[in-house]
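Colleague:
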Amino acid sequence: MISVFAIAQKTIQPPFMQKEWSQDYEPFRLVGNVYYVGTYDLASYFITTPKGHILINTGLAESAEMIRAHVEKLGFKFKDIKILLATHTHYDHVGAMAAIKKKTGATMMVHEKDASALADGGNSDFLFGGKGSTFQPVKAERLLHDRDTVSLGGTSIVMLHHPGHTPGASSFLLNTRDEKRSYRLLIANMPSVLDETNLAGMSTYPDVGKDYAYTMEVMPALQFDVWVASHASQFGLHDKRKPGDGYRPEVFADQKGYDETMARLKANYLKRRDGGK
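Residue numbering for the sequence shown follows this note's numbering, beginning at 1110 and increasing consecutively.
1. What is the C-beta distance between I1209 and A1173, in whole angstroms, given that I count them as a contact (C-beta under 8 Å)?
2. My output table needs one value for T1213: the three-state DSSP class, helix, strand or coil.
3. Hey, L1295 and N1284: beta-carbon distance below 9 Å or not?
4. Would you report the Cα separation of G1366 and A1322, rounded to the nearest angstrom?
5. Provide the residue span of the alpha helix (DSSP H) that contains G1318, from first to last.
6. Secondary structure at R1293, three-state DSSP: helix, strand or coil?
7. Quick check on DSSP: helix, strand or coil for S1225?
8. List the whole-angstrom C-beta distance separating P1213 from I1190, where the pair is believed to meet the contact cut-off of C-beta under 8 Å.
9. Note down, one range per segment and in chain order, each beta strand (DSSP E) of at least 3 residues found wholly within the segment 1132-1173.
10. Starting from S1260, follow its DSSP beta bridges and name the residues at the other end.
11. Report the option in T1324, T1148 and I1192 whose CA atom is closest to the CA atom of A1178.
12. Here's the rule: buried if 16 or more other CB atoms are within 10 angstroms of the residue's CB, otherwise exposed. What is Q1245?
13. Using the three-state DSSP reduction, which class does T1370 fall into: helix, strand or coil?
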């Protein structure tokens, strides 16, 4: 059977893959009108509104069918996705973006500093670029900037620019509510430093060290009620929730876990910076 998401353009093999990135995981209601529809480790967030829905991140190219199945299992219509967003434009988070955009007609929005990498399938990525596209290219129809708001059907999402991992890497803040209370949700792009990154500066990203320094300063100060991240492993999804668990948004509060993760990432950043790479 030919996938309804099939796109003809050729791409090169991504430089690194993990089996957990394509492993299925049951979709679930995270908090309020926000649902987890990603894989075992690559997080995708589905935000429902009366005027259509928003999808943040898609995982790898082969995850398009899985995400559609997850959305429909939760009782929503896949074609009602109106907006596509990304925490950053590496192949493991936007690999299925072109296919999902083609199927739904949703509007693609991304931070302006990641727009070129998104548009050429990662070929201009400062670490992985120069050899061809690692994912199907997507042209953004709206370029976002720090503190810009994306609104749909009564839900407003604020983009927070947290550069370093990519020049346009960003987190998202939104308010949501369930039957009992309201929550401030942070979808964090955790600032991990890849082995290939030279914090002293790179020809493809001269300000990488400066950008990481900024992000390491501002992210620990963020205020939220619950938090998640681009990878399930980054926020301990599988320790906090087991398959079949009911709706329990409180397990994702975890201020201590956020603080410890940020402290660990900052310590690694400082070690790399002071070590000259």
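Even for Gly, the Cβ is constructed at its ideal location relative to N, Cα and C. Here the structure is a predicted model, which is why all the values come from computation and not from measurement.
Modeller: So, from the data block:
1. 6 Å
2. helix
3. no
4. 21 Å
5. V1317 to V1327
6. strand
7. helix
8. Residue identity differs from the one stated: residue 1213 is Thr in this sequence, not Pro. The pair is a contact, with the Cβ atoms about 4 Å apart (cut-off 8 Å).
9. 1137-1140, 1143-1145, 1154-1158 and 1161-1165
10. S1265
11. T1148
12. buried
13. helix
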